[in-house]
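Right, one structure below, let's go through it.
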Amino acid sequence: MSEMETAPFDLLVIGSGAAGMTVALGLLAQRPTARVGILSKSDLSEGSTKYAQGGIAAVLDATDSIEAHIRDTLIAGAGLCYEPAVRAVVEGAPAAIRWLIANGVVFDSEDGDLHLTREGGHSHRRIVHSADATGLAVQTSLEARLRESGAQIYENHNVVDLIRERTPSGQQGRCVGAYILDRQDGRVHRFPARTVLLASGGASKVYLYSSNPDGSTGDGIAMAWRAGCRVGNLEFAQFHPTCLYHPGAKSFLVTEAVRGEGGRLLRPDGTRFMEEYDPRGELAPRDVVARAIDDVMKRLGCDCVYLDISHRPAEFITHHFPTVHAEALKYGFDMTRQPLPVVPAAHYTCGGVITDLTGRTDVDHLYAVGEVACTGLHGANRMASNSLLECLVIGAAAARDIAEKLESIPPLPPLAPWDETWVTDSDEEVVVSHNWDELRRFMWDYVGIVRSTKRLERARHRIKLLHSEIDDYYGSFRVTSDLLELRNLVMVADLIIRSALARRESRGLHYTIDFPTLDTVAPPQHTILVPKTFAARRLA
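The numbering of the sequence shown is the numbering used here, which starts it at 20 and goes up by one.
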């Protein structure tokens with residue numbers, strides 16, 4: 020049994036990227052004496068935020084407008100955006116940029132003004148950026164503030180599951196903390212908390228090829244589902260069109276801004292193809308570009324296509340894209356002189372745990388912010404550079420909501436210790452690695468960029484077998500980080516497959532050859548999955 024229970028937190032943050040740090044810092048600014056804990060599966064900086072290259076969308080130019088940003092987002096979302104969420108996030112963008120600057124983030128400027136670039140789906144230049152490493156600039160600055168803030172930081176800790184209070188009637192009530200695996204001592208401990216925030220990112224590692232760091236295993240989505248939260252629109256997995264194609268590159272992302280600044284997509288013979296698929300050419304939204312690349316690769320039987328910006332001056336390229344340029348050089352590609360080989364890779368989870376615009380989930384005192392959540396901002400397809408923005412704007416709203424409610428939260432009940440009475444150490448770790456590999460391969464083959472009912476049914480059959488095997492393994496052996504991540508990936512894969520089978524049309528990021536057109540007869544519908552344990556019904 021666990022021997023340790025921490026003192027209760029006012030806020031326990033699961034995840035250490037832009038969303039989690041925004042909420043933590045926002046709460047501490049309003050409640051300096053609040054006890055805040057923040058958990059990271061590895062080093063504090065190793066989330067998706069660090070790897071975000073392009074930037075943050077915000078209307079900061081006199082020729083641009085809030086209405087134009089809203090319209091662009093709604094168009095990209097293919098009829099499924101929740102317009103109040105779009106408006107709230109877009110209107111909150113300028114204040115979010117000012118907050119980042121006040122917290123030490125340095126953005127590129129030109130003649131005294133912020134330099135704005137343009138990306139796919141945007142009708143204006145509105146992307147604030149720090150060269151091509153905006154996420155790193157945000158992560159580094161906010162992390163420095165967090166380490167000075169008095170928050171308690173727990174690195175190398177995995178969440179096993181959330182804990183809900185048992186009500187007098189025997190029902191599950193509010194969220195009161197979580198069971199946490201300390202990867203250093205291998206023990207599971209109790210972390211009681213008056214409020215819990217899921218800021219754990221998305222689930223792109225469910226696919227064989229992904230631009231995400233290894234920790235993007237859908238933990239928060241799976242935990243929230245097991246705790247009784249609804250999830251929405253998980254069929255919309257975004258594939259970034261341009262990741263560097265090289266065996267050693269591990270799908271290094273080539274920022275969308277390369278195309279925004281004139282980069283051209285080419286077949287192996289050097290001919291352009293995007294205008295054959297969309298009049299916006301290389302500036303079409305990501306789902307259009309990814310499908311076009313996928314189609315070209317399949318038609319020609321080629322391993323990749325090429326992204327060429329070598330027609331721009333070398334000084335321009337190295338100034339605007341120093342990270343991509345340096346990384347490509349490691350693999351023998353000089354983007355100032357030659358095109359880069361690129362392929363699509365899983366990049367962003369557009370659906371997630373259903374929340375309101377303050378991050379509240381279906382379970383009292385459980386919040387979700389960022390890629391783990393589904394506010395309705397992205398609809399059927401996330402527009403470039405709206406993701407960090409959502410973390411900041413909804414994160415600030417969540418911090419205000421938590422601060423207002425803290426004093427009214429009742430005392431926490433005692434938490435039952437983690438029971439390891441009937442489990443043993445595993446001598447079959449190979450089962451975990453084999454199942455992990457099988458899952459990611461069949462998800463890529465059957466639930467990828469282009470889908471069919473037959474492929475989805477095959478994936479559903481395979482996932483049932485994996486579910487059974489992993490549940491048996493989980494119940495028999497002590498938990499490890501790899502086992503917890505695999506358990507969560509299998510759960511989220513199941514939810515993605517179920518969501519994809521439920522949508523009998525092609526919309527946004529979900530394209531199926533069996534229903535290749537948009538359903539224009541019925542109003543656009545969100546795919547909402549409801550767990551058997553669902554009780555609270557506060558959200559619309």
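Note that CB positions come from ideal geometry on N, CA and C, so glycine has one too.
Just so we're clear, the structure is a prediction, and the values are computed from it rather than from any experiment.
C-beta atoms of residue i and residue j nearer than 8 Å
i      : j      : result
Glu138 : Ala37  : no
Gly192 : Arg183 : yes
Pro360 : Gly140 : no
Ile515 : Ala256 : yes
Arg249 : Leu548 : yes
Leu458 : Val225 : yes
Leu434 : Gly196 : yes
Ala243 : Ala387 : yes
Leu561 : Ala53  : Because residue 561 is not part of the residues shown, which for the chain are 20 to 559, the question remains open.
Glu162 : Met40  : yes
His176 : Asp201 : yes
Trp463 : Tyr228 : yes
Ala512 : Gln49  : no
Arg164 : Asn122 : yes
Residue i in three-state terms, based on DSSP
i      : result
Leu63  : coil
Arg556 : Any answer about Arg556 is weak, because its pLDDT of 44 lies below 50 and its placement is not dependable; what the coordinates show is given next. Of the three classes helix, strand and coil, the one that applies to Arg556 here is coil, per DSSP.
Gly154 : helix
Ala392 : strand
His344 : helix
Phe258 : strand
Leu434 : coil
Asp238 : helix
Glu488 : helix
Ile515 : helix
Glu129 : strand
Leu46  : helix
Arg202 : coil
His265 : coil
Ser581 : Only positions 20 to 559 of the chain appear in the structure, and residue 581 is not among them; the question remains open.
Pro550 : coil
Ala107 : helix
6 Å Cβ shell around residue i - same chain, five flanking residues per side excluded
i      : result
Gly56  : Phe28, Leu31 and Gln171
Gly239 : Leu217, Ser219 and Val391
Asn507 : Thr236, Gly237, Asp238 and Ala241
Val109 : Ile85, His88 and Ile89
Leu385 : Cys194 and Val215
Ser518 : Leu253, Glu254 and Thr546
Buried or exposed (CB count within 10 angstroms, at least 16 for buried), residue i
i      : result
Gly351 : exposed
His453 : exposed
Ala114 : exposed
Ala521 : exposed
Gln158 : buried
His338 : exposed
Arg557 : Any reading at Arg557 must be qualified, since the residue scores a pLDDT of 44, below 50, and its modelled position is unreliable; no value is offered.
Gly111 : buried
Phe461 : buried
Val215 : buried
Arg106 : buried
Glu254 : buried
Trp437 : buried
Gly282 : buried
Pro260 : buried
Gly131 : exposed
His330 : exposed
Ala81  : exposed
Arg185 : exposed
Pro187 : exposed
Residue i beta carbon near the ligand ATP (any heavy atom closer than 7 Å)
i      : result
Asp456 : The ligand ATP is absent from the structure shown, which contains no ligand whatsoever.
Own chain, CB closer than 7 Å to residue i, minus 5 neighbours either side, in chain order
i      : result
Arg245 : Asp180
Thr539 : none
Ser404 : Gly73, Gly74, Ile75, Ala76, Glu138 and Ile146
Leu431 : Pro27, Val195, Pro211 and Arg213
Ile336 : Ile328, His344, Met354 and Thr355
Val125 : Ser149 and Ala156
8 Å CB neighbourhood of residue i in its chain, flanking five on each side removed
i      : result
Arg286 : Phe292, Val315, Leu319, Cys321, Val324 and Tyr325
Ile532 : Val469, Arg470 and Ser471
Arg310 : Tyr296, Ile468, Val469 and Tyr530
CB contact check: residue i to chain B, cutoff 8 Å
i      : result
Glu102 : The structure shown contains no chain B; it holds only a single protein chain.
At least three beta-carbon pairs within less than 8 Å, the segment 69-79 to the segment 147-162
yes
Given 8 Å, three or more beta-carbon pairs between the segment 56-67 and the segment 230-242
yes
Within 8 Å, do at least three Cβ pairs link the segment 89-101 to the segment 521-538?
yes
Inspect the CB distances between the segment 398-405 and the segment 356-371 and report whether three or more fall short of 8 Å.
yes
Examine the Cβ distances between the segment 466-485 and the segment 440-450 and report whether three or more of them are shorter than 8 Å.
no
Below 8 Å, how does it come out for the segment 484-499 and the segment 332-347: are there three or more Cβ pairs, yes or no?
no
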